[in-house]
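Have a look at the structure below before the remarks.
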Amino acid sequence: MRPVDLKREFHLKRNPERRSTVGPGREARHSDIFLQLGIDPRLEVDNSRLLADFMSNLGKIQPRSKTRLTHRSQRYVAKAIKRAKAFGFLPMLSNPNYRDFKNKR
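So for the sequence shown, this note's numbering puts the first residue at 1; every next one is plus one.
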């Protein structure tokens, strides 16, 4: 941190239009399937086919930039996937070859 960072003038000079966005912006409302159908992803814990679309081959949750969901839906999907894994509806590791590779080490 530099001394100039603490000055008020330095912060006022910053461009408010310049902000980093992660994932989709306003177009997420149009591509969010849960928002369009009025479905709460947290209630779809036992629907493993639906939740598997938002996971990678290794069982990780896909980032918002790939799922094209809104902030709220992405959080709800992540919570539903974590619950489904805890209940045993979804496997922790989806790729069986990865488990074999891990055991061989």
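Heads up, the beta-carbon is just placed ideally off N, CA and C, and yes, glycines get one too.
Bridge partners - residue i, DSSP secondary structure assignment
| i | result |
| --- | --- |
| M55 | I61 |
Assumed close pair residue i, residue j - CB separation to whole angstroms, cut-off 8 angstroms
| i | j | result |
| --- | --- | --- |
| F89 | D46 | 6 angstroms |
| I194 | M55 | Given that the chain is displayed from residue 1 to residue 105, the structure contains no residue 194 and the question cannot be resolved. |
| L35 | R29 | 6 angstroms |
| A78 | I61 | 5 angstroms |
Within 9 angstroms, strictly: CB atoms of residue i and residue j
| i | j | result |
| --- | --- | --- |
| R83 | Q74 | no |
| Y76 | R42 | yes |
| S31 | R72 | no |
Short CB-CB distance (under 9 angstroms) between residue i and chain D
| i | result |
| --- | --- |
| N57 | Annotation note: the requested chain D is absent from the structure, which comprises a single protein chain. |
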